[in-house]
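Engineer: In this note's numbering, the protein residues as written are 285 to 479. Don't be surprised by glycine CBs; every beta carbon is placed ideally from N, CA and C. The structure follows.
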Amino acid sequence: MSVRTIPASRLRVLRPGGRLVTTIAGTSLLVTAEKDEDGGGATGRVEWDRAGFMHARHGDDYPPGVAARLAKAAELDGDDVSRGPYPVVDVANAWDLASMLDIEAPDIEHEYREDGGQRVALMAHADGSWARATATGTERPTVHQGGPRRLWDALDKVRDYWLSNGELPVRGARVDITPDGRTFLGRGKWSAELT
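Structure representation (structure tokens):
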């Protein structure tokens, strides 16, 4: 079963030195960690391999409102219109990119369409933030965004890091899990807490 944060109950049932293996929900990240000898938390890493489970879904619109939020993203002009620096990408099928984005900005829903060379990527979040990027082929896209956050800008920030550093820091990151299940990732100067 995939989890977003490590339940404290999973740590309690492990003996010191016992191994925890799980995937992080919303990502393709596979975590392995060993319970610390003092019996408290656990320490491990994000493996280089990818793994994941499909989100549990029920009904035509689960979680509720996703279809409406993505439809809104497809139609509105937005209060921020710009040209993106990178081609439109199918985020959900770009596993490393999607995983890193989900760590930095969790719970974004994605939709991607391609029709006659026209590429459209939609992003939406329950907080009302949304983005739509459209372009022909690999041209720079026109990006429309609205709501409290700029979702496409968050994606471009991850892509900037990737291009500047040659890889994303989440693969191979150290994992520290506190006894209450708070989960921290870190590699080099990069760090994040799973929420």
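1. Comparing the CB of Ala376 with every heavy atom of the ligand FMN, is any distance shorter than 8 Å?
2. Can you round the beta-carbon distance between Leu439 and Val365 to whole angstroms, since I take them to be within the 8 Å contact cut?
3. Name the one or two DSSP bridge partners that Ser248 has.
4. For the alpha helix (DSSP H) containing Glu359, name the first residue and the last one.
5. Grab the span of the alpha helix (DSSP H) containing Ala415 for me, first residue to last.
6. Applying the 10 Å Cβ sphere with the 16-neighbour rule, what's the burial state of Asp399?
7. In whole angstroms, what is the alpha-carbon distance linking Gly301 and Arg455?
8. For Ala417, which option in Leu298, Val373, Pro432 and Pro291 has the closest C-alpha, if you only look at C-alpha atoms?
9. Between the Cα of Asn449 and those of Thr462, Ala410 and Lys473, spot the shortest distance and give me the residue it belongs to.
10. State the DSSP-derived secondary structure class of Thr385, mapped to helix, strand or coil.
11. Quick one: grab the DSSP three-state call for Arg458.
12. Grab the span of the beta strand (DSSP E) containing Leu406 for me, first residue to last.
13. Along the chain, where does the beta strand (DSSP E) that runs through Val375 open and close?
14. Quick one: using the 10 Å Cβ neighbour count with 16 as the cut-off for buried, is Pro453 buried or exposed?
15. Looking only at its chain, what residues have a beta carbon closer than 6 Å to the beta carbon of Ile290, apart from the 5 residues adjacent to it on each side?
Structural biologist: Put simply:
1. Annotation note on the ligand FMN: not contained in the displayed structure, which lists no ligands.
2. Incorrect: roughly 16 Å between the Cβ atoms, too far for contact.
3. The chain is shown from 285 up to 479; residue 248 falls before or after that span and cannot be answered.
4. Val350 to Glu359
5. Where Ala415 is concerned, there is no enclosing alpha helix (DSSP H), although the beta strand (DSSP E) it sits in stretches over Trp414 to Thr420.
6. exposed
7. 23 Å
8. Val373
9. Lys473
10. A quick correction: the sequence has Leu, not Thr, at residue 385. Leu385 falls in the helix class under three-state DSSP.
11. strand
12. Gln402 to Ala408
13. Taken as a continuous stretch (DSSP letters only), Val375 belongs to no beta strand (DSSP E), as it is neither H nor E.
14. buried
15. Ile461, Gly465 and Thr467
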